[in-house]
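Numbering of the sequence shown is given in our numbering, commencing with residue 1 and proceeding in unit increments. Beta carbons are placed, not taken as given, at the ideal position from N, Cα and C, and that holds for glycine. Notes for the one structure printed next.
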Amino acid sequence: MTTITMDFNALSGPWQISLPVLNISDKTLYSDLVSELSDIRESLANLSGKAIEFSALCDDLAGKAEHAFEMGVAVDFERLADIVQHNEKNTRKISEQFMDSMDRMSRQIAKTFPEMLPDCQEIRRGIGEVYDKQIADLRGLRFRLMALAAEAEDDGSGMVLESPEDVKRFFLSLA
1 MTTITMDFNA LSGPWQISLP VLNISDKTLY SDLVSELSDI RESLANLSGK
51 AIEFSALCDD LAGKAEHAFE MGVAVDFERL ADIVQHNEKN TRKISEQFMD
101 SMDRMSRQIA KTFPEMLPDC QEIRRGIGEV YDKQIADLRG LRFRLMALAA
151 EAEDDGSGMV LESPEDVKRF FLSLA
């Protein structure tokens with residue numbers, strides 16, 4: 001059996017942004033917070049670029065898996081889909097933890113500097129969008145692998161749903 005290796009350690013890369021540990025009781029200077037938020041914005045811009053690379057990498061991995069299937073290579077697509085699902089769940093967990101930290105930091109900043117709240121919310125929204133996109137890319141990759149697993153085991157008894165959109169359309173057609 002030929003294997004396709006997906007190194008998700010390489011994918012995880014710099015997916016985290018360090019948030020400042022604030023101690024407002026120290027009367028943290030406004031300029032320090034402005035600088036920290038600026039650094040986070042810069043990290044977010046880098047993170048957005050990495051998200052684009054990640055999306056392309058997921059498409060490339062799916063394409064390689066589809067090519068292997070077309071070439072008749074025996075691949076355990078179910079196992080690959082399980083690996084992707086594990087990474088999808090882990091990414092969701094990291095995202096939730098990070099967003100909770102961002103919310104706590106925003107509340108702490110807003111108590112002393114309420115005018116900074118919109119900046120914090122904008123950064124949070126941007127980071128949330130990046131994580132949501134990464135999770136969606138992993139889910140899309142997983143669905144493509146599950147479709148390949150179904151085709152590889154096709155007994156001719158039914159249709160194969162190849163994407164999250166196919167699944168939605170199928171269930172909507174039942175309503």
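Is there contact here, the stretch 33–46 with the stretch 119–128, by at least three beta-carbon pairs under 8 Å? yes
Do ILE161 and ALA65 have their CB atoms nearer than 8 Å? Looking up residue 161 in the sequence shown gives position 161. Looking up residue 65 in the sequence shown gives position 65. The identity of residue 161 in the sequence shown is Leu, whereas the question assumes Ile. In this structure, ALA65 does not lie closer than 8 Å to LEU161 by Cβ.
Around the Cβ of GLN97, are there at least 16 other Cβ atoms within 10 angstroms (buried) or fewer (exposed)? Along the sequence shown, one-based indexing puts residue 97 at 97. The residue is exposed, with fewer than 16 neighbouring Cβ atoms inside 10 Å.
Quick one, which of LYS89, ILE109, SER55, MET102 has its alpha-carbon nearest SER31's? What you label residue 31 is simply residue 31 of the sequence shown in a count that begins at 1. Among LYS89, ILE109, SER55, MET102, the Cα nearest to that of SER31 is on ILE109.
Three-state secondary structure (DSSP) at GLU162? Numbered from its first residue, the sequence shown carries residue 162 at position 162. GLU162: coil per DSSP, three-state reduction.
CA-CA distance, ARG107 and ARG92? Residue numbering aside, residue 107 sits at position 107 when the sequence shown is read from its first letter. Residue numbering aside, residue 92 sits at position 92 when the sequence shown is read from its first letter. Distance between the alpha carbons of ARG107 and ARG92: 22 Å.
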